[in-house]
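Right, one structure below, let's go through it.
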Amino acid sequence: MEEDTGSLPQKNAFSEWYNEILWRADIMDVRYPVKGLYVWYPYGFGIRKRVYGILRDLLDRDHEETLFPLLIPENEFMKEAEHIKGFEEEVYWVTHGGTTPLDVKLALRPTSETAIYPMYALWIRSHADLPIKLYQIVNTFRYETKHTRPLIRLREITSFKEAHTVHATWEEAEEQVREALARYREFYDLLCIPVLISRRPDWDKFPGADYTMAVDTIMPDGKTLQIGTVHHLGDHFSRTFSMTYEDANGEQQFCQQTCYGISERSIAALISMHGDDAGLFIPPAVAPVQIIIVPILVKKRTDEVMAAVAALQEELQCAGYRVRTDSRDMRPGAKYYYWEMRGVPIRIELGPRDLDAGTVTVVTRRGEKSQVMRSDLNTSLAAIVEGIKEDLQRTAAEHIKNHLFFVDDVSGLPDAVGCGVAAVFWCGDRGCADRIEEITSASVLGTDVGYEGIVVQEGDCIICGKPHSVVTLVGRSY
Ligand code: 5CA
Ligand code: ZN
1 MEEDTGSLPQ KNAFSEWYNE ILWRADIMDV RYPVKGLYVW YPYGFGIRKR VYGILRDLLD
61 RDHEETLFPL LIPENEFMKE AEHIKGFEEE VYWVTHGGTT PLDVKLALRP TSETAIYPMY
121 ALWIRSHADL PIKLYQIVNT FRYETKHTRP LIRLREITSF KEAHTVHATW EEAEEQVREA
181 LARYREFYDL LCIPVLISRR PDWDKFPGAD YTMAVDTIMP DGKTLQIGTV HHLGDHFSRT
241 FSMTYEDANG EQQFCQQTCY GISERSIAAL ISMHGDDAGL FIPPAVAPVQ IIIVPILVKK
301 RTDEVMAAVA ALQEELQCAG YRVRTDSRDM RPGAKYYYWE MRGVPIRIEL GPRDLDAGTV
361 TVVTRRGEKS QVMRSDLNTS LAAIVEGIKE DLQRTAAEHI KNHLFFVDDV SGLPDAVGCG
421 VAAVFWCGDR GCADRIEEIT SASVLGTDVG YEGIVVQEGD CIICGKPHSV VTLVGRSY
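Numbering follows my numbering, with no gaps: position 73 of the sequence shown is 73.
Structure, rendered in structure tokens:
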């Protein structure tokens with residue numbers, strides 16, 4: 001790993017901060033010699049492991065995990081017209097096996113509809129086989145032409161969680177969309193990341209979907225990041241892949257489907273939302289190291305302190321914490337700096353003075369310091385962990401509140417969108433949306449907005465004045 005030299009740019013220079021923290025905090029090495037492909041450092045992968053552990057737990061309640069092949073034959077990939085059109089510029093093709101040209105070209109999956117649905121067609125016979133709710137966590141490939149960025153816009157998405165469900169009726173699929181959104185909300189709650197949910201305009205929906213619901217958050221620079229999507233696929237794919245079931249009356253019906261995905265953008269959001277000028281701040285639930293113990297050593301009493309530190313580490317481990325001791329031969333201050341950069345939520349210092357007083361010194365990543373009786377440590381730590389979670393949630397909620405503006409006059413639109421996200425009334429007309437996008441150089445993100453701060457109501461379209469227009473979000477997005 002790299003030597004720490006110089007300091008982290010301030011977080012308000014977000015783009016520089018983001019690029020630097022990725023290597024300073026051992027998340028990603030961006031020097032891999034293929035554009036859009038990056039390498040996880042083990043520490044970053046440790047965060048990923050816990051974040052995806054939470055996602056798995058949430059889905060495993062009523063989904064099953066599976067694994068489909070990476071390669072998709074051209075003939076399957078080319079079946080669904082809209083889907084092809086949406087992805088044709090982004091697909092990597094495998095054309096040769098060694099020096100032999102392949103009879104059928106193979107696509108590296110950009111997403112797995114066309115890998116999974118031909119198999120679903122074989123599996124589904126009757127209504128008794130439904131619903132199906134499967135997911136996989138895999139790598140997918142997209143030849144992105146927009147500016148690539150680690151964790152945000154990748155050409156190999158390493159951590160693509162995609163769920164694919166099949167239902168008997170359109171309404172049941174719609175219910176699944178709602179459930180998936182609720183599950184995503186729960187996921188991001190656990191990561192202390194507030195989200196804005198909205199229905200993407202028709203021209204921005206997933207290729208082959210009836211409609212797309214998107215989960216966005218607001219990054220430190222006020223730009224939005226789409227950190228999840230849930231698509232109602234209707235029967236678009238089931239018609240092309242002949243996915244039918246026999247209903248209770250013995251008639252063949254087309255299946256109704258949904259799919260929904262989350263990528264390592266969830267980790268980009270985690271890093272960006274909670275980090276500060278000193279580095280990362282990882283919520284305890286997903287921190288690879290939750291507690292770092294730093295022994296304060298004074299020559300004469302080194303052995304005594306080290307013995308107490310070993311006992312403490314053992315005790316905390318037994319209590320279920322992910323804990324490490326930093327016994328490197330370095331100044332304590334340098335160790336503090338090191339672990340703050342990596343976002344460890346709790347530091348415990350233990351030195352001769354603590355020994356004498358029967359205490360330890362607990363310092364949160366926010367810098368709150370307390371002297372805790374060794375005998376009360378377990379109870380105190382539980383409260384401190386809870387306090388950290390609340391702190392992160394509160395700070396993140398503030399951030400969203402401070403970057404979301406109600407705008408009812410066109411003249412206020414550019415400024416609002418320059419700082420964050422604007423909520424405006426929009427009639428649903430494409431021409432008015434184009435005008436909004438022209439004025440702001442931003443995008444209409446969507447309607448049917450789900451965010452507690454927005455009491456959805458009707459008003460006059462900000463462009464044409466048409467009454468009974470609905471709230472829509474406008475923002476610059478990554
Ligand atoms: N098949 C559907 C649902 S699984 C699908 O592919 N939807 S998607 O295209 O919207 O992708 C799902 C999520 O993956 C997006 O919401 C976004 O958060 C993330 N994502 C999409 N493209 C990239 C990319 N190039 N790099 C990182 N994350 C991405
Ligand atoms: Zn209008």
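Built from N, CA and C at the ideal position, the CB exists for glycine as well.
Being a predicted model, the structure only gives us computed values, none of them experimental.
| Query | Result |
| --- | --- |
| Reduced DSSP secondary structure (H/G/I, E/B, other) of residue 1 | At residue 1 the pLDDT is 45, less than 50, meaning the model places this residue with poor confidence and gives no usable figure here. |
| For residue 263 and residue 19, the rounded distance between their alpha carbons | 19 angstroms |
| Element boundaries [beta strand (DSSP E), containing residue 71] | 71 to 73 |
| Sequence-distant residues of its chain with Cβ nearer than 7 angstroms to residue 177 (five each side left out) | 213, 230, 232, 258 |
| Cutoff 6 angstroms; reference residue 458; Cβ partners in own chain excluding five residues on either side | 468 |
| Closer than 7 angstroms: residue 229 CB and nearest the ligand 5CA heavy atom | yes |
| Close Cβ partners of residue 15 (< 8 angstroms) along its chain, the five nearest in sequence each way excluded | 221 |
| Residue 396 vs residue 194 beta-carbon contact at 8 angstroms | yes |
| Per-residue DSSP class, three states only, for residue 295 | strand |
| Per-residue DSSP class, three states only, for residue 242 | coil |
| Residue 139 (DSSP reduced to helix, strand or coil) | strand |
| Bounding residues of the alpha helix (DSSP H) (the contiguous stretch that carries residue 356) | 352 to 357 |
| Given 8 angstroms, three or more beta-carbon pairs between the region 88 to 104 and the region 114 to 129 | no |
| Closest by C-alpha distance to residue 284, when choosing among 389, 360, 293 | 389 |
| Closest by C-alpha distance to residue 440, when choosing among 344, 223, 89 | 223 |
| Where residue 254 falls: helix, strand or coil (DSSP) | strand |
| Residues that residue 162 bridges to, as DSSP identifies them | 136, 261 |
| Boundaries (first-last residue) of the beta strand (DSSP E) holding residue 99 | It is not in any beta strand (DSSP E) - residue 99 carries neither H nor E in the DSSP assignment. |
| Local conformation of residue 85 per DSSP, three classes | helix |
| Residues sharing a beta bridge with residue 213, DSSP | 199, 230 |
| Inter-residue spacing [alpha-carbon to alpha-carbon] between residue 109 and residue 236 | 19 angstroms |
| Cβ-Cβ distance between residue 400 and residue 268 below 8 angstroms | no |
| Residue closest to residue 356, alpha-carbon to alpha-carbon, out of 404, 319, 92, 305 | 305 |
| Reduced DSSP category for residue 274 - H, G, I as helix; E, B as strand; rest coil | helix |
| Check: residue 144 C-beta below 7 angstroms from any heavy atom of the ligand 5CA | yes |
| Three CB pairs or more closer than 8 angstroms across the region 288 to 302 and the region 322 to 331 | yes |
| When 420, 339, 351 are compared against residue 302, the one with the closest alpha-carbon | 351 |
| Status (buried if at least 16 other CB within 10 Å, exposed otherwise) for residue 203 | exposed |
| Bridge partners - residue 370, DSSP secondary structure assignment | 362 |
| Three-way DSSP call (helix, strand, coil) for residue 13 in this model | coil |
| Buried or exposed (CB count within 10 angstroms, at least 16 for buried), residue 80 | buried |
| Contiguous alpha helix (DSSP H) assignments of at least 4 residues, all confined to the region 364 to 421 | 377 to 402, 413 to 419 |
| Residue range of the alpha helix (DSSP H) that includes residue 440 | 430 to 440 |
| Residue 132 versus residue 211 - alpha carbon distance | 20 angstroms |
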